[in-house]
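A short write-up of the structure that comes next.
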Amino acid sequence: MCKSFTKRARKALTTSLLATFFVFFTIPTQASGEEGKEFSPGEMILHHIADSHEWHFFSIGNLHISLPLPVILIVDGKIDIFLSSEFHHAKIVEITHEGEKVKAKKLVRGENTYLLIHDKIKVEGDKMLIDLSITKNVTSLFLSVILMFWVFTSVAKGYKVNAGKPPKGIQAFFEPIIVYIRDEIAIPALGDKHEKYLPYLLTLFFFIWFNNLLGLMPGGANLTGNIAVTMTLAVLTFLITTFTAKKAYWSHIFTPPVPLPLYIIMIPVEIIGIFTKPFSLMVRLFANITAGHTIILSLLALIFIFGQMNVALGFGVGIFSVAFAVAMNMLELFVAILQAYVFTLLSAMYFANAIEEHHHEGHEHEHHHAHNEEVKEYVKTPIHNY
Amino acid sequence: MDLIKPEFGLIFWQTVTFLVVVFVLSRVAWKPIINGLKEREKSIAEALEKAEQARKEVALSQANNEKLLEEARIERDKIIRLAQKAADDFRNEACNKASAEAAKIIEEAKKAIETEKQQALAQIKTQIATLSIEIAEKLLKQQLENPEKQKQLVENLIKNLELN
């Protein structure tokens, strides 16, 4: 009795704390004066997929519940920091942006005038603007990082507490995954040198997986479906590949084992190959995650498209849309881990390719004499370029 | 097209954050986790090896025990056999001795009985002779007591003589 009471009291306390958090941070924004606006699925989907300066949770009528986020701008070398909620009171103006008429929010701060167009901040006049705002994606990024720190320090603690004993709890959940990445990705690809790359591969895998899953949460940010994020990860893999590459990797690119005249074709192809690998990493993750979100959002958008024609039709379509969206969500849960796995696996293979030694024996010394045999060998090893 | 235009701000935060995550997690998570895993794998391998060794030792000692047991069994059988033989020998010997003794005693008894019998017979013969004489004497005395009878006897004797 007493126990359940304290439990309930604690629950109530947590709830009220959470409520205060939201009351404190959330500012109901004012109606933007766009009453009776037609539902535009494209706009809705883009709004959900794209980054934003505020974290919008939901709207009831004209009441918009969202978390304002800090805007950090560097305008001509001067830092300007303010909350994105300042735009709530900004004047709405119509301007021409990149050849089309758009509505923008105009905010004057000191000597600078900012325009918020499609959730992006521009500055009026010929001023250099660097936007380092803590956007919705950045917030989600920080949250995921906090989550990762918490999860993996807990896992690591398990190895101290349960030293010499079977894994328990969260440690038991993550151990097989960590072991899988080590034994099925890192060791087969990198052999004895896997330990040097393992921390990066593990971080990469869990970072992508966690953020893929966070992105699937209602109201979650589409972090791993953002090209900037996938680009950064791909560039890191590229940099590691390039800077840990051994002689064999470079000699394979600049002195490929083909007859000399073919160098005109092979060398450019090999050089392009250096960049297409990370490029494919970038696009694969971005496209997979964004596509998944788009499909789910499109299915849900169907409800409102039909709902606008007829309310009953909207409900009717809703049943099927929700069923399909649930199925899609299940698929996306799988895609979340699959894409994390693919990114990690390919990164490991690129590293393996870079640190491989003596790809073709005697290649450096004899390539002028033994072209024919080497061409044969080259053909025989189709996996040498992943 | 905004979707495929990477934002500098996000690249910046992503780079900084991700590098920090790699660095921090390497220190506080991956290193202890991987070391813990390695230690556990090592201890498991060692434990398995020890178990294998122990199993071999047990098998060896079991084989030894079996051998000892077998030897003991053989020894026991041998002792029992010997004891049995000794007992049998002893019994046979005792039996033979006893029967020989008995035969001897019987023989002697028979001899003694024979001797006694002979003596008794001889005695009985003597006694019968004596008694016969005495009886004859007594009969003669009785018959020859009166003269009439003596006369009759003499007449009988003479009669027999006349016949001849």
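For the record, the sequence lines run as chains R and C. Basically this note's numbering = 1-based index in the first sequence + 96. Basically this note's numbering = 1-based index in the second sequence + 957. The beta carbon of each residue, even a glycine, is placed where N, CA and C say it ideally should be. Remember, it's a predicted structure, so these values are computed and weren't measured experimentally.
Check the Cβ of residue 140/R against every Cβ in chain C and list those closer than 9 angstroms, keeping chain order. Near residue 140/R there are no residues of chain C at all, since even the closest Cβ is about 14 angstroms away, more than 9 angstroms.
What is the rounded straight-line gap between the Cα of residue 236/R and the Cα of residue 219/R? 26 angstroms
What is the rounded straight-line gap between the Cα of residue 334/R and the Cα of residue 1015/C? 57 angstroms
Please report the residue range of the beta strand (DSSP E) in which residue 200/R lies. 196-205
Can you check DSSP and say which residues form a bridge with residue 166/R? 179/R
Residue of 215/R, 308/R, 279/R minimising C-alpha distance to residue 381/R: 308/R
Would you say the region 254-268 of chain R touches the region 167-179 of chain R, given that touching needs at least three Cβ pairs under 8 angstroms? no
So, does the CB of residue 1037/C fall closer than 9 angstroms to a CB anywhere in chain A? This model lacks chain A altogether, as its protein chains are R and C.
Rounded to the nearest angstrom, how far is the Cβ of residue 230/R from that of residue 168/R, given a contact under 8 angstroms? 7 angstroms
For chain R, check one thing: does any of its Cβ atoms lie closer than 9 angstroms to the Cβ of residue 1034/C? no
Compare the Cα-Cα distances from residue 182/R to each of 166/R, 193/R, 197/R, 429/R and report the closest residue. 166/R
To be precise: take each residue of the region 278-297 of chain R, compare its Cβ to all Cβ atoms of chain C, and keep it if any distance is under 9 angstroms. Which residues remain? 278, 291, 294, 295, 296
Three-state class that DSSP yields for residue 152/R in the structure shown: strand
Starting from the beta carbon of residue 407/R, find every residue of chain C whose beta carbon is closer than 9 angstroms, and list them in chain order. Near residue 407/R there are no residues of chain C at all, since even the closest Cβ is about 32 angstroms away, more than 9 angstroms.
Just to confirm, is the Cβ distance from residue 252/R to residue 985/C under 9 angstroms? yes
Do residue 151/R and residue 232/R have their C-beta atoms within less than 9 angstroms of each other? yes
For residue 1010/C and residue 433/R, I'd like the C-alpha separation in whole angstroms. 43 angstroms
Which of helix, strand or coil DSSP assigns to residue 189/R: strand
What are the boundary residues of the alpha helix (DSSP H) that includes residue 1049/C? 988-1100
Decide if residue 998/C is buried, meaning its Cβ has at least 16 other Cβ atoms within 10 Å, or exposed. exposed
So for residue 261/R, helix, strand or coil by DSSP? coil
With 9 angstroms set as the bound, which would you pick, yes or no: does the beta-carbon of residue 98/R sit closer than that to a beta-carbon of chain C? Residue confidence is low: residue 98/R scores 49 on pLDDT, short of 50, so the model does not pin down where it sits. Its coordinate-derived value is still stated next. It does not; no Cβ of chain C falls within 9 angstroms.
Quick check: is the beta carbon of residue 1007/C nearer than 9 angstroms to any beta carbon in chain R? no
Close Cβ partners of residue 282/R (< 7 angstroms) along its chain, the five nearest in sequence each way excluded: 290, 293, 294, 297, 444
Can residue 344/R and residue 452/R be called in contact, C-beta distance under 9 angstroms? yes
CB-CB under 6 angstroms to residue 403/R, same chain, minus the five flanking residues each way: which ones, in chain order? 410
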